[in-house]
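A short write-up of the structure that comes next.
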Amino acid sequence: MIYMDNAATTMRKPKQVVQAVGEAMESMGNAGRGAHGASLSASRTIYNTRELVCNLFGGTNPRQVVFTSNSTESLNIAIKGLLEPGAHVITTMMEHNSVLRPLYEMCEKGIELSIVKCDKKGVFRISDMEELIEPQTKAIICTGGSNLTGNCVDLEKIGQIAREHGLLFIVDASQTAGVFPIDVQKMHIDVLCFTGHKSLLGPQGTGGMYVREGLSVRPLKSGGSGVQTYSRSHPKEMPTALEAGTLNGHGIAGLHAALEYLNEEGIDWIRKREQELMRRFYKGVKEIPGVKIYGDFSAMERCPIVALNIRDYDSSEVSDALLLDYEISTRPGAHCAPLMHEALGTVEQGAVRFSFSHYNTEEEIDTAICAVKELAKEE
Amino acid sequence: MRKKELKLVVTFHTTTDAMAMEKGCKKQGTPGRLIPVPREISAGCGLAWCAGLDDRELIRKVMDDIGVQEQDMHEVMI
Ligand SMILES: Cc1ncc(COP(=O)(O)O)c(C=O)c1O
Chain A
1 MIYMDNAATT
11 MRKPKQVVQA
21 VGEAMESMGN
31 AGRGAHGASL
41 SASRTIYNTR
51 ELVCNLFGGT
61 NPRQVVFTSN
71 STESLNIAIK
81 GLLEPGAHVI
91 TTMMEHNSVL
101 RPLYEMCEKG
111 IELSIVKCDK
121 KGVFRISDME
131 ELIEPQTKAI
141 ICTGGSNLTG
151 NCVDLEKIGQ
161 IAREHGLLFI
171 VDASQTAGVF
181 PIDVQKMHID
191 VLCFTGHKSL
201 LGPQGTGGMY
211 VREGLSVRPL
221 KSGGSGVQTY
231 SRSHPKEMPT
241 ALEAGTLNGH
251 GIAGLHAALE
261 YLNEEGIDWI
271 RKREQELMRR
281 FYKGVKEIPG
291 VKIYGDFSAM
301 ERCPIVALNI
311 RDYDSSEVSD
321 ALLLDYEIST
331 RPGAHCAPLM
341 HEALGTVEQG
351 AVRFSFSHYN
361 TEEEIDTAIC
371 AVKELAKEE
Chain B
1 MRKKELKLVV
11 TFHTTTDAMA
21 MEKGCKKQGT
31 PGRLIPVPRE
41 ISAGCGLAWC
51 AGLDDRELIR
61 KVMDDIGVQE
71 QDMHEVMI
């Protein structure tokens, strides 16, 4: 099988990650719930992982790294824990449902939402975003890169604008963490939400957020914390404030190994490799009659994603044919990005998304190009 | 694209139901396979169970046995 659904989750992980999860399952106790060796081993691994995450994102303090089960949870915590009724919030058409649905939910509680429009290529102008800022605007929430077209957003510029207007800047780094450099200080990011199982190469069920020092986020959950047991309220100190309940220590041990792998290989190398593979595929399919590609490929750097359609064929049907006839795994349909499909005009048809990892090979790319060629040829 | 045939396509309310369906059909030896929901039915994504038109009774029986309710049942060219 040729796996080209890495934007959904990276299937191939570094060997060290698999090993680390296995070892943790044989040796780890409950972090922060005891002083015996097994518990301390969990606490140490989790603390070391906080440091690695903090370094990767240019944070100032590992205590500001909160572990959650994925981006979705992080985004829910950030959106519901920072916005009050009456607040005005700006987001974009590029967003995933894990941003949009919590925001829609908050709209019912009295926030006001403006959504920056994307053009037919699925990109927006930052000046359009700036024009939406009003006196009541509290926050900008946006993705680092579209999970459908792969186009990236200039986070530094938006962060600058957010800072000038005194707005909170919440970023969904699901598609960019682990591949693109992210610096929460330089980009003025208040809350960075990430998921562990995509380009960070960690296990599913890992993820988290980096919260700017001094910013207080209302927790979604309260419960066991291993400290201040006789207090009736959950501790307010970070990261415990946002981490009620036993953490996914086994998964975090895997994430730790993944972050070490990324540090050893270097994300610049991984990004370069993925860009090469993505460009090779793009070049191979863009001239095929009947193939329509979505997104802006003039952008220098973009997530390693190519979304396309063949003629007016249903994307589900094409994806199914790729699997049955060529054993190539892709993702059809709407990719949890309803507004992006509206912008691209693909609500009905969906799109077939090919998304690559540095583990893909040139041969696999060429096989996929041939497959698209053959499917486009047949009536 | 491949030659199409008229097939029976069952959609579900959740992925969990689709998985239960696959398992139930395998267990009872009822033929079919999971496919992405075709756009004629819905653009809302998800998995559907695709089987031959003649298997309607068998499929109904599996669903009754495992307590899964379809969202819809369609005849679609697949
Ligand atoms: C841009 C974007 N945001 C958020 C998510 C949600 O990630 P998760 O399902 O790991 O919470 C995804 C992945 O599906 C994504 O691509």
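If you read the sequences in order, they're chains A and B. So the first sequence is numbered by the numbering used here: it starts at 1 and just counts up by one. So the second sequence is numbered by the numbering used here: it starts at 1 and just counts up by one. All C-beta atoms, glycine included, are put in the ideal place defined by N, C-alpha and C.
The alpha-carbon of N360/A is positioned some 22 Å away from that of E287/A. Listed by position along chain A, the residues whose Cβ is nearer than 8 Å to that of P38/B are D314, S316 and E317. Closer than 9 Å to the CB of I78/B there is at least one CB belonging to chain A.
Taking each of I2/A, Y3/A and V21/A in turn and checking the Cα distance to G251/A, the smallest one comes out for V21/A. Secondary-structure assignment with DSSP links M77/B through a beta bridge to L6/B. Identification of chain B residues near L375/A by a Cβ-Cβ cut-off of 8 Å yields M1, ordered along the chain. For D172/A, the CB falls within less than 8 Å of some heavy atom of ligand 1. In this structure, the straight-line span from the alpha carbon of C25/B to that of S42/B is close to 23 Å. Chain-order list of chain B residues neighbouring Q349/A: R39, by C-beta distance under 7 Å. Partner residues in the beta bridge of M209/A, as assigned by DSSP, are V66/A and C193/A.
The closest heavy atom of ligand 1 lies less than 8 Å from the beta carbon of G145/A.
With respect to chain B, the C-beta atom of E378/A has a partner C-beta closer than 9 Å. DSSP lists D5/A and I305/A as the beta-bridge partner residues of S355/A. Taking 4 residues as the shortest admissible run, the region 266-311 of chain A contains the following complete alpha helix (DSSP H) segments, listed from N- to C-terminal end: 267-286. Annotated three-state conformation of S199/A is coil, per DSSP.
Here L339/A is buried: its Cβ has 16 or more other Cβ atoms, across all protein chains shown, within 10 Å.
Within 8 Å of the C-beta of C336/A there is at least one heavy atom belonging to ligand 1.
Here the C-alpha atom of F12/B lies approximately 7 Å from the C-alpha atom of D72/B. Listed in chain order, the alpha helix (DSSP H) runs fully inside the region 93-158 of chain A are 97-108 and 126-131, counting runs of at least 4 residues.
Neighbours of D320/A in chain B, taken as residues whose beta carbon is under 7 Å from its own, are I35 and P36 in chain order. In the DSSP assignment, D172/A falls within the unbroken beta strand (DSSP E) covering L168 to D172. Comparing alpha-carbon positions, the option among N248/A, R12/A and I115/A lying closest to N30/A turns out to be N248/A. Put simply, of L40/A, S146/A and L103/A the residue whose alpha carbon is nearest the alpha carbon of G226/A is L40/A. R33/B sits in a strand when the DSSP states are folded into three classes. Buried is the label assigned to E73/A, since at least 16 other Cβ atoms lie within 10 Å of its Cβ. V191/A is a Cβ neighbour of A78/A, given a cutoff of 9 Å. Going by beta carbons, M129/A and I182/A fall outside the 9 Å limit.
Using a 10 angstroms sphere on the CB of W49/B, the tally of other CB atoms reaches 16 or more, which defines it as buried. Using beta-carbon distances, D325/A counts as an interface residue toward chain B, with a partner under 9 Å. At a cut-off of 9 Å between C-beta atoms, G205/A does not count as an interface residue with respect to chain B. Considered as a whole, the region 227-263 of chain A harbours no complete run of any alpha helix (DSSP H) with no fewer than 4 residues. In the DSSP annotation of this structure, L220/A is not part of any beta strand (DSSP E), being labelled neither H nor E. Take K373/A, set aside five residues on each side of it, and the residues of its chain with a beta-carbon closer than 6 Å to its own are I288, in chain order. When CB distances to chain B are screened at a threshold of 9 Å, not a single residue of the region 231-243 of chain A falls below it. In the three-state DSSP reduction, S41/A falls in the helix class (H, G or I). Chain B has no Cβ within less than 9 Å of the Cβ of G122/A.
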